[in-house]
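> Below: one structure in structure tokens.
Dropping the structure here:
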């Protein structure tokens, strides 16, 4: 990692990378005691999978990057190499609550907890979903994302939603779910709501009224033209701690092309606070919250719950970038590199881990 990049991280208030040492992997998780809004549960910080070191039998020892530390650590946790580095046999197509959704050659969709740092690698859980049913004028070969209504598909009231490229959205009810799923429509002007307990091909639609755009976006045509040339995605983020709902527009632009592959870089983000009437108010202040965007279900956490996180920031990860956006100043720090598993894993309860004997973990001498 270059000194220039480390200097830019320091400007964001992350400080200098700590010297390496050896500690228990349980301690490296930097336990939080105050994230849960109901029970005071210890949780892992948000993290992503940095890679895996092969250890035989197509398994690898995971390397993760905790978002509040921003350094790579090797943990005593094994996972299939196919999940970390996509192969023709298995493709990871999304993640939710620490569960990775995979699609194999036979077209079987499966939820796995192998990449969850808090889950056991002795008895990994793999839950296949029912066969996919293709609706008329739709396709089920390309899955864009997966979302769950609870933290585990094994919960009695869990509902799993699968979004395909195109108009189809499918639900699976392992139990008897009573959650409503909401997703933004293309362009972010509509929010669609589905009740899996009362299936219907006519979702409830809510039109959004966008307000309070920054003056620069209203008056400067060069900025608008720059954003118009970007690739844009919309993400609906709900805060469990504050009860707020945000719509985040993530603008990315091709930074370079290598071997025929476009490497995208974050150009801009817009955050809108939504209310029940459909008002979408642009804001550059989400308080103590930190929003995480990746190729999985987006989420947000209070920065105070995990010391080291930067409040009022958006953390992003994509195939060729890790980004940090200060919403107050709109200053963007972008770190290049290849991320084979660009999924931010939300905080996981680790009560069960305390009963296990601590194992050693080694930290590498590199920043994320």
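In full-length UniProt numbering, the protein residues as written are 1 to 368. Yeah, the Cβ is synthetic: ideal placement off N, Cα and C, and Gly gets one too.
Buried or exposed: which applies to residue 277, given that a residue is buried once 16 or more other Cβ atoms fall within 10 Å of its Cβ?
Classification for residue 277: exposed.
> So which of 252, 306, 301, 235 has the shortest CA-CA distance to residue 274?
Of the listed residues, the one whose Cα sits closest to residue 274 is 235.
> Report all residues from its chain with a CB closer than 7 Å to the CB of residue 221; omit the five preceding and five following residues, and keep chain order.
Same-chain partners within the cutoff: there are none.
> Please report how far the alpha carbon of residue 184 lies from the alpha carbon of residue 140, in whole angstroms.
Approximately 20 Å between the Cα atoms of the pair.
> Thinking C-beta only, is residue 304 closer than 9 Å to residue 318?
No, they are not a contact pair.
> Using C-beta distances below 7 Å, list every residue in its chain close to residue 54, excluding the 5 sequence neighbours before and after it, in chain order.
Counting only Cβ-Cβ distances below 7 Å, and skipping sequence neighbours, we find 60, 81.
> Restricting to Cα atoms, I'd like to know which of 306, 281, 283, 268 is closest to residue 293.
Among 306, 281, 283, 268, the Cα nearest to that of residue 293 is on 268.
> State the DSSP-derived secondary structure class of residue 128, mapped to helix, strand or coil.
DSSP places residue 128 in strand when its eight states are reduced to three.
> Compare the beta carbon distance of residue 255 and residue 208 with 9 Å and say whether it is the shorter of the two.
No, they are not a contact pair.
> Using CA atoms only, rank isn't needed, just tell me which of 321, 298, 231, 326 is closest to residue 311.
Nearest C-alpha to residue 311: 326.
> Less than 9 Å between the beta carbons of residue 94 and residue 253, yes or no?
No, the pair does not count as a contact, with Cβ atoms beyond the cut-off.
> Looking at the structure shown, is residue 264 part of a helix, part of a strand, or coil, going by DSSP?
Reduced to three states, the DSSP call for residue 264 is strand.
> Just list the residues that DSSP pairs residue 112 with in beta bridges.
According to DSSP, which records beta bridges pairwise, residue 112 is partnered with 100, 126.
> For residue 56, list the residues DSSP reports as bridge partners.
Looking at the DSSP assignment, residue 56 forms a beta bridge with 59.
> Specify the secondary structure class of residue 221 as computed by DSSP and reduced to three states.
Of the three classes helix, strand and coil, the one that applies to residue 221 here is helix, per DSSP.
> Quick one: grab the DSSP three-state call for residue 350.
It is coil, neither helix nor strand.
> So, helix, strand or coil for residue 26, using DSSP?
Summary for residue 26: the model assigns pLDDT 33, below 50, so the residue's position carries little reliability, and this model does not support an answer.
> Answer yes or no: do residue 309 and residue 271 have a C-beta to C-beta separation smaller than 9 Å?
No, the Cβ-Cβ distance between residue 309 and residue 271 is not below 9 Å.
> Have a look at residue 349 and residue 98 and give me their C-alpha separation to the nearest angstrom.
Straight-line Cα distance between these residues: approximately 10 Å.
> Please state if the CB of residue 283 and the CB of residue 334 are separated by a distance shorter than 9 Å.
No, the Cβ-Cβ distance between residue 334 and residue 283 is not below 9 Å.
> With a threshold of 7 Å on Cβ separation, who are the neighbours of residue 50 within its own chain once the five nearest residues in sequence on each side are excluded?
Result list for residue 50: 63, 64, 65, 72, 368, in chain order.
> On the three-state DSSP scale, how would you describe residue 159?
The answer is coil: DSSP assigns residue 159 none of H, G, I, E or B.
> Give me the Cα-Cα distance between residue 159 and residue 171, rounded to the nearest whole angstrom.
Roughly 7 Å between the two C-alpha positions.
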